[in-house]
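These notes concern the structure reproduced below.
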Amino acid sequence: MTPLPALALVALLAGAPIAALAQAEPTGPTSDPTQVKPGRYRLDPAHGKITWSLSHLGYSTYYGQITGVAGEATLDPRDPAKSRLSVTIDTASVNGLNDKLNEHLKAPDFFDVPKFPQATYVSTSVEPTSPTTARVNGELTIKGITRVVSFDATFNQAGVNPVDKAYSVGFDGRAVIRRSDFGVNAFLPILGDEVQLRLEGEFKAVP
């Protein structure tokens, strides 16, 4: 009943590159992005997912999730525009919270999973919009079709995770795509073409 995103989301995922990060070593959990540790990060698969939604026949909003998301980011504190994000999505993990629907989502009129087992998002630029937010622009590829997609990222917190003791950075993101842009045309226009994406990700520093 719906298409996959990106980032990410995907990704996005994930809104890893956030403005005005500092070179100073972090001192603990902080909601101040200027205190984030620079360097390479990898998405924690247990805490990186995409929630999608679209209109269901005009009567309600249908929700599902995508859980098979992998991503890497590089944060550049001195020049946020040089920060980078790349996300890979397992299309078989697109979940409509219904077994019958999940099987249909793998079919050619949706994601054609046997032929296109992955979707990808690669950032091309980052535009800071406030001290804790940024507009991430990039290229989303679904079913072999690539389109320019942007998402709004919000920095949540950074610091040493008390559970696994790994230095972590967390973000939320939001984006809107049109599934018809990627050849996901099943049941148009009865089901919505516009898909809302909510991106959530915790990134761990790569030693």
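Quick note on numbering: the sequence shown equals residues -22 to -1, 1 to 185 in mature numbering (1 follows the signal peptide of the UniProt record, and there is no 0).
Using N, Cα and C, we set each Cβ at its ideal position, and we do this for glycine too.
With respect to the 9 angstroms criterion, Q135 and S9 are classified as neighbours on the basis of their beta carbons. Here the alpha carbons of N73 and G137 stand approximately 31 angstroms from one another. Where L63 is concerned, the enclosing beta strand (DSSP E) starts and stops at 62 to 68. In this structure, R152 and L177 form a Cβ contact; the two beta carbons are roughly 7 angstroms apart against a cut-off of 8 angstroms.
In the DSSP assignment, the residues bridged to H34 are S38, L169. Membership of D130 in the beta strand (DSSP E) is indicated by the continuous run 123 to 138. By the beta-carbon neighbour count (other beta carbons within 10 angstroms, threshold 16), A97 is buried.
With a cutoff of 9 angstroms on beta-carbon distance, T52 and R62 are scored as near each other.
Secondary structure at L79: helix, using DSSP grouped into helix, strand and coil. Taking the C-beta atoms as reference points, D130 is found no nearer than 9 angstroms to V147. Excluding sequence positions up to five before and after R20, its CB lies within less than 6 angstroms of the CB of E50, K182, V184, all in the same chain and listed in chain order. Taking 9 angstroms as the cut-off, the beta carbon of V162 is found closer than this to the beta carbon of D87. D150 has T132, E178 as its beta-bridge partners, per DSSP.
Nearest Cα to A59 within the set V104, V126, A112, K121: V104. The continuous beta strand (DSSP E) containing Q96 extends over residues 96 to 108. Exclusion of the five residues before and after E172 leaves L32, V154, R156 as the residues of its chain whose Cβ lies within less than 7 angstroms of its Cβ. Rounded to whole angstroms, the separation of the alpha carbons of S71 and P95 is 10 angstroms.
Rounded to whole angstroms, the gap between the alpha carbons of K27 and P167 is 27 angstroms. Shown here, R157 sits in a helix according to DSSP, grouped into three states.
Here the alpha carbons of D159 and V127 stand approximately 11 angstroms from one another.
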